[in-house]
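Residue numbers (UniProt numbering): 1 to 75.
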């Protein structure tokens, strides 16, 4: 038996399949700008940490999440 959410998803999928024109999607990525870093000293770990910090600046904490203690940490 299909749930209500599954039915809605099926309807949306059918609508997308029946479209005559495809949607335009912006695939451009913002450049990562790190000051004071030379490319030869950049590691994957440092780049990932910089990206993670950049994303965290734009994220707002959900009220329920803020009430819970943090159980995970990054290495």
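Where a beta carbon is used, it is the ideal one built from N, C-alpha and C, also for glycine.
- Just so you know, the alpha carbons of residue 6 and residue 36 end up roughly 50 Å apart.
- Per DSSP, the continuous alpha helix (DSSP H) segment holding residue 8 begins and ends at 4-17.
- In this chain, the alpha helix (DSSP H) harbouring residue 45 covers 44-58.
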